[in-house]
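Trainee: Sequence lines, in order, name chains A and B.
In case it helps, the working numbering puts the first sequence at residues 100 to 212.
In case it helps, the working numbering puts the second sequence at residues 93 to 203.
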Amino acid sequence: DAGVTQSPTHLIKTRGQQVTLRCSPISGHKSVSWYQQVLGQGPQFIFQYYEKEERGRGNFPDRFSARQFPNYSSELNVNALLLGDSALYLCASSFQGREDEQYFGPGTRLTVT
Amino acid sequence: GEDVEQSLFLSVREGDSSVINCTYTDSSSTYLYWYKQEPGAGLQLLTYIFSNMDMKQDQRLTVLLNKKDKHLSLRIADTQTGDSAIYFCAELGSSASKIIFGSGTRLSIRP
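1) Against chain B, does A:G155 count as a neighbour if the rule is that its beta carbon must be under 9 Å from one of theirs?
2) Would B:F101 count as contacting chain A if we go by Cβ distances under 9 Å?
3) So which of B:C181, B:P203, B:Y127, B:S187 has the shortest CA-CA distance to B:S99?
4) Measuring only the C-alpha atoms, how far is B:S186 from A:Q116?
5) Going by beta-carbon coordinates alone, are B:R202 and B:S109 separated by less than 9 Å?
6) Spell out the partners DSSP gives B:I201 in its beta bridges.
7) What do you get for A:I111, buried or exposed, if any count of 16 or more other CB atoms within 10 angstroms of its CB means buried?
8) For A:S123, which residues of its own chain have a beta-carbon under 6 Å away from its beta-carbon, when the five flanking residues on both sides are left out?
9) If B:A177 sits next to B:Q129, beta carbons under 8 Å apart, how far is it from one beta carbon to the other, in whole angstroms?
10) If A:T207 sits next to A:P107, beta carbons under 8 Å apart, how far is it from one beta carbon to the other, in whole angstroms?
11) Taking A:F159 as the query, report the chain B residues whose CB atoms sit under 8 Å from its CB, ordered along the chain.
12) Taking only beta-carbon positions, decide if B:I141 is within less than 9 Å of chain A.
13) What number of angstroms, rounded off, separates the C-alpha of A:Q201 from the C-alpha of A:H128?
14) Which same chain residues end up closer than 7 Å to A:Q167 when comparing Cβ atoms and leaving out the 5 residues on each side of it in sequence?
15) Indicate whether at least one CB of chain B lies closer than 9 Å to the CB of A:E152.
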C-alpha cells in the first residue's frame, strides 16, 4: 500500500501570494493532520481533520486554513504569504481514534521569496 | 504547558553507543516517540513507548522512560554512519490530536 502522499514536492512563491498544498492519506485512514517544520526546528501542529471537520487547531493565524474531502484527502491553504511561512509542510494520517499512531508523508517544501 | 526539550548536537564514534536525551513537561502524555529525519526527507517513526512502561527495546534501539523526572532517552547501540540524522523526541499532546516535537538532536558519526 502507498504511504501518505503530498504534492507538490517543492514550491516557490512570492510574498503576498496564496498557496495550496495537497495530501492523500493512507488507504483506510480518515484522520489527517498538518504540521509546519521551519528549518532547524521540530514540526509544529497546525490542524487536524477527521470526517471533514476540524478537530484540532494549533497556534497559527487565520491565514492558514484547511479542508478535508469526502475521500479523506486534504488541502492546506495559506493566504498572504510571509517570508516566515517558508518551511517544510508535513501531512500525517491515522486511523479513526488512533492519533497516537500518525504516519507522516515526505512533505512539501515551500519557499517564500 | 506542553514542551519538549532536547540537546541540539551529539557526536559519537562509529561503533559506540549513542544516547539522546529529552525532557517533557506534560505529565499526562500517554505516548512518547522518537522520530528520525534524514537530510531532505520526511519523518520516520523509529519507536514509541507507552507511558506505563519503563523501557522498550527494539533491535539496536533502547528507550528508557523516567516518568517521575519526565525524562526520555534513546540509546542506539553500535552506531553506524547510516544513523547520522536528526532525532526528534515527541509526545502525544493532552488533546490527543497533536504530536508535540522537540527541536531535534543532530547526531553525527565520526570514524
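Think of the CB as a built atom: it goes at the ideal place given N, C-alpha and C, for glycine as much as any other residue.
Only a predicted model underlies this, so the values are computations on that prediction, with no experimental measurement involved.
Mentor: The short version:
1) yes
2) no
3) B:C181
4) 35 Å
5) no
6) B:V104
7) exposed
8) T104, S172
9) 6 Å
10) 6 Å
11) None at all; the shortest Cβ gap to chain B is about 12 Å.
12) no
13) 10 Å
14) V131, Y148, K151, S173
15) no
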